[in-house]
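To keep things clear, I will list the structure first and then write my remarks on it.
In the working numbering, the protein residues as written are 1295 to 1765.
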């Protein structure tokens, strides 16, 4: 199996037991539930089915509950209406049956916030308007890119700093549901600043939750405030769909590289998403460009690659996962042969003892040609730090916490194992020798590097342990 983790969006093509089981066997590490669709009853049934199948297969699968966030859309539109380039169209604040001359928005409070010269990107940018005359009740716009209209088409406002709450009433209900059901991550849309992340965390805490937040980087303002958002969140998603509308398309590849590099430096897991193997919704093989896209994200340092329509509505979700896994494995082989895969020493300055020890563990494993790096952990921090250095050796994380085990399913290179009790470091190899051999993670005589907080099992342990063992 690859070290890069695979996030799969569930949908009509992947809700049945047989399909979900085949997806887990193919290499699904994280199941994404899109809360823009479906009911709580449906999501609850899916979560419980995933938990059962994951246990039966002996493979931890995390659940990412993706909050919908505010959605901006056109209202109803008369059939057959077409916007003509250069013509004028009015955006009004009250519901109407839209025409090529007058259109409405589902969020009328946006209209007073429009500014002359700002753009409205409609239907993933297929249509484009420019505000000519703003006003409190309606805005006169010029059609820059025309085309056919459709009901409820999505609207992006890439030039406008919107005074809109980042969480909707629906999101708050979904957070309460997700906390109750024990989801492993919340995907947080419409993030613009660290204050949005702090608000989301406050709402999770208010519902007695501590669920990690994956900030979806899809807004222009999120790019501008990238560092503070990554520092405030527990992980990030490079959401290239809306990002490619909110920012110039040609800038997205370099923005992706910057986001991944920043997340790596902050020790936060990062997911690269959108259209990675899109042609496989219908085709049996991906395009060469898609294979290169997946490989380049891995070489950039992403922890995980995400499938959306490919597994939600595609013809063969498990086949897509197997293809993604093969691309990742071959890419990683090339990465392991490179001398540039680890973080530079200069990146480690002022990162503290824990990061220095993690770096040392990775280097020691390489120098001794060790089979495995073992990290007993309560929080998951130690294995994540070690994996930042992209060691050739698998990072085996041992935890008594089911939550920690599932959450580590998102982290590159980490194999999370649930253990029944905390085992002292000097007894770990003896206790797990048989299982390590059965899983083909090592054989008799192999070196194993062990690193953990010290005293072992103590919350917020300040000491750090690193030692070598022989299997």
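Using N, Cα and C, we set each Cβ at its ideal position, and we do this for glycine too. Computed from a prediction, not measured in an experiment: that's the story for all the values here.
With distances taken between CA atoms, residue 1451 lies nearest to 1422 out of 1434, 1431 and 1422. Just so you know, the alpha carbons of residue 1375 and residue 1455 end up roughly 30 Å apart. By the beta-carbon neighbour count (other beta carbons within 10 angstroms, threshold 16), residue 1457 is exposed. Between the stretch 1492 to 1499 and the stretch 1362 to 1382, the count of C-beta pairs closer than 8 Å stays below three; the two stretches do not touch. The Cβ neighbour count for residue 1692, taken over all protein chains shown within 10 Å, is at least 16; the residue is labelled buried. Taking 8 Å as the cut-off, the beta carbon of residue 1405 is found closer than this to the beta carbon of residue 1385. The beta carbon of residue 1354 lies closer than 7 Å to those of 1348, 1699, 1700, 1703 and 1710 in the same chain, with the five residues before and after it left out. Rounded to the nearest angstrom, the gap between the Cα atoms of residue 1444 and residue 1413 is 19 Å. Residue 1690 places its beta carbon 8 Å or farther from that of residue 1723.
Going by DSSP, residue 1424 is part of the beta strand (DSSP E) stretching over 1421 to 1427. The alpha helix (DSSP H) runs of length 4 or more contained entirely in the stretch 1535 to 1599 are, from start to end of the chain, 1546 to 1560 and 1582 to 1594. About 5 Å separates the Cβ atoms of residue 1437 and residue 1379, confirming a contact at the 8 Å cut-off.
Taking the Cα positions, residue 1732 is about 16 Å away from residue 1764. In this structure, 1453 is the residue among 1759, 1604, 1707 and 1453 with its C-alpha nearest to the C-alpha of residue 1515. Three or more beta-carbon pairs drawn from the stretch 1553 to 1565 and the stretch 1585 to 1602 are found closer than 8 Å, and the two stretches are therefore classed as touching. Within the model, the alpha-carbon separation for residue 1488 versus residue 1743 is close to 37 Å. Counting only residues of its own chain and dropping the five nearest sequence neighbours on each side, residue 1626 has a CB closer than 8 Å to the CB of 1296, 1297, 1298 and 1592. Straight-line measurement puts the Cα of residue 1584 at about 33 Å from the Cα of residue 1472. Comparing C-alpha distances from residue 1403 to each of 1394, 1605, 1389 and 1411 shows the shortest one belongs to 1389. Annotated three-state conformation of residue 1404 is helix, per DSSP. The Cβ atoms of residue 1603 and residue 1572 lie closer than 8 Å to each other. Residue 1694: not part of any alpha helix (DSSP H); DSSP gives it neither H nor E.
Distance from the CA of residue 1720 to the CA of residue 1686, rounded to the nearest whole angstrom, comes to 24 Å. In the same chain as residue 1334, and ignoring 5 residues on each side of it, the C-beta atoms closer than 7 Å to its own belong to 1471, in chain order. Contact check for residue 1671 and residue 1746: beta-carbon distance about 7 Å, within the 8 Å limit, so the pair qualifies. Around the C-beta of residue 1548, fewer than 16 other C-beta atoms lie within 10 Å, and the residue is accordingly described as exposed.
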